[in-house]
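Sequential numbering of the sequence shown, starting at 387, is according to my numbering.
All residues carry an ideal CB built from backbone N, CA and C; glycine is no exception.
Given the structure is predicted, the values throughout are model-derived calculations rather than measurements.
Below you'll find the structure, written out as structure tokens, and then a few comments.
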Amino acid sequence: MSQSTPQKTLTASDIRARKTGEPLVCLTAYTTPVARLADTECDLVLVGDSVGMVLHGLPSTLGVTMEMMILHGRAVARGIERALMVVDMPFGSYEESPAQAFRNAARLMAETGAGAVKLEGGRHMAETIRFIVARGIPVMAHIGLTPQAVNAIGGYKVQGKGADGDRIREDARAVADAGAFSVVLEKVPAALADEITADIAIPTVGIGASAGCDGQILVIDDMLGLFDAFKPKFVKRYAHLAGDATDAIRAYAEEVRNRSFPAPEHVFADEKAGS
Ligand code: KIV
């Protein structure tokens, strides 16, 4: 008899139903071992297009392709048992038309096993979100700072300050009305994030937003201190793995150079000598 009950994988509806419940814990993952780690605590694991910058050394997310998202999506799926896995739609894969968006979202879902897709944009993407959702694909929206629009925005700036807050409020309402099951609020003033969270019926997931959001998300390599090319203010480092890795590599290099590695316990004796 099995000792453990199989885990139920969370769905977009389960995440949607957490609007007034315990805060949603969300992280990105791009590989199987990291997905396994994230899955132990997370409700939602995002295969973010941040993979382009974090793992592939790209200067922005604009060069990320469908093939990259599918490759990393498949890897992450192998590490997930409980969390909802969401895959980002890369730049250029959904903006042209609702039909283009559906075609690529369906491919991402079918080829990775994801439970939902995420796409960037507010009012101007509402028609597309409605179209995809009506055809069976759960959509997580992403408003405020939308990194795929970095060239149009003119940098990774806080969005929705002062009178500009109305634009973000309208975006939030538009994606919620269009049927998104949740919305990422990136880099918006905390008070605005709180207002939006109170205003719309779907969970808000903050990144550089507010502790009052219905959940939080971070790029896992940022919070582990593995990706330290730059550190936005909203990142809290819960570990310093890049520093640990540097120390380990330095120690290894020294031991190779002074011939103390490999030690006797790391090498094999001749068979005749019996070990
Ligand atoms: O690509 C990404 O990692 C994101 C963030 C919301 C974490 O979209």
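Residue closest to residue i, alpha-carbon to alpha-carbon, out of the options
| i | options | result |
| --- | --- | --- |
| Val-519 | Gly-501, Gly-459, Ser-596 | Gly-501 |
| Gln-486 | Gly-565, Asp-563, Leu-505, Thr-498 | Leu-505 |
| Gln-602 | Asp-614, Ala-538, Ala-579 | Ala-579 |
| Ala-560 | Phe-613, Arg-460, Ile-586 | Ile-586 |
| Met-454 | Arg-464, Leu-441, Ile-466 | Leu-441 |
| Ser-399 | Met-526, Val-653, Phe-620, Phe-517 | Met-526 |
| Pro-476 | Asp-435, Ile-466, Leu-457 | Asp-435 |
| Thr-406 | Met-609, Asn-490, Cys-599, Gly-629 | Cys-599 |
| Pro-343 | Ile-593, Asn-537, Asp-425, Leu-444 | A question about residue 343 goes unanswered here, because the residues of the chain that appear run from 387 up to 661. |
| Leu-430 | Glu-482, Leu-457, Ala-415 | Ala-415 |
| Gly-438 | Tyr-480, Phe-654, Phe-613 | Phe-613 |
| Glu-481 | Glu-408, Met-511, Gly-541, Arg-623 | Met-511 |
| Ser-446 | Gly-541, Glu-641, His-626, Gly-546 | Gly-541 |
| Pro-409 | Glu-427, Ala-421, Thr-417 | Glu-427 |
| Glu-581 | Arg-422, Glu-640, Gly-551, Leu-494 | Gly-551 |
| Leu-432 | Cys-412, Leu-444, Val-420 | Cys-412 |
| Ala-562 | Ala-538, Lys-543, Ile-529 | Ile-529 |
| Phe-620 | Leu-494, Ala-597, Ile-554 | Ala-597 |
| Lys-622 | Asp-633, Leu-610, Leu-457 | Leu-610 |
| Gly-546 | Asn-537, Ala-577, Ala-649 | Ala-577 |
| Ala-558 | Gly-507, Asp-630, His-652, Ala-615 | Gly-507 |
| Asn-537 | Leu-448, Ala-424, Ala-403, Pro-650 | Leu-448 |
| Ala-628 | Gly-478, Asp-608, Phe-647, Asn-644 | Asp-608 |
Check: residue i C-beta below 7 Å from any heavy atom of the ligand KIV
| i | result |
| --- | --- |
| Glu-572 | yes |
| Gly-434 | yes |
| Val-431 | no |
| Asp-600 | no |
| His-528 | yes |
| Cys-418 | The displayed chain sequence assigns Thr, not Cys, to residue 418. Outside the cutoff, so no. |
| Thr-426 | no |
| Val-462 | no |
| Ile-582 | no |
| Val-605 | yes |
| Asp-474 | yes |
| Thr-414 | yes |
| Ile-456 | no |
| Ile-515 | no |
| Ile-593 | yes |
Minimum Cβ-Cβ distance from residue i to chain B less than 8 Å
| i | result |
| --- | --- |
| Ala-562 | You won't find chain B in this structure, because it holds only one protein chain. |
Beta-ladder partner(s) of residue i, from DSSP
| i | result |
| --- | --- |
| Asp-474 | Lys-504 |
| His-528 | Glu-506, Val-570 |
| Ile-593 | Glu-572 |
| Cys-412 | Leu-430, Ile-603 |
Cβ separation of residue i and residue j, assumed to be a contact under 8 Å, to the nearest whole Å
| i | j | result |
| --- | --- | --- |
| Tyr-468 | Thr-395 | Here residue 468 turns out to be Arg, not Tyr, going by the sequence shown. Correct: roughly 6 Å between the Cβ atoms. |
| Glu-572 | Ala-535 | Not a contact, Cβ separation roughly 11 Å. |
| Thr-514 | Pro-484 | 5 Å |
| Ala-463 | Met-471 | 6 Å |
| Pro-589 | Ile-401 | 6 Å |
| Gly-565 | Arg-521 | About 11 Å; that fails the 8 Å criterion. |
| Pro-419 | Gly-465 | 7 Å |
| Thr-498 | Ile-456 | 6 Å |
| Pro-524 | Phe-567 | 5 Å |
| Val-570 | Val-544 | Val-570 to Val-544, Cβ: 15 Å. No contact. |
| Ala-424 | Ile-606 | 6 Å |
Cβ-heavy atom distance, residue i to the ligand NAD, below 7 Å
| i | result |
| --- | --- |
| Leu-432 | Of the ligands this structure carries, namely the ligand KIV, none is the ligand NAD. |
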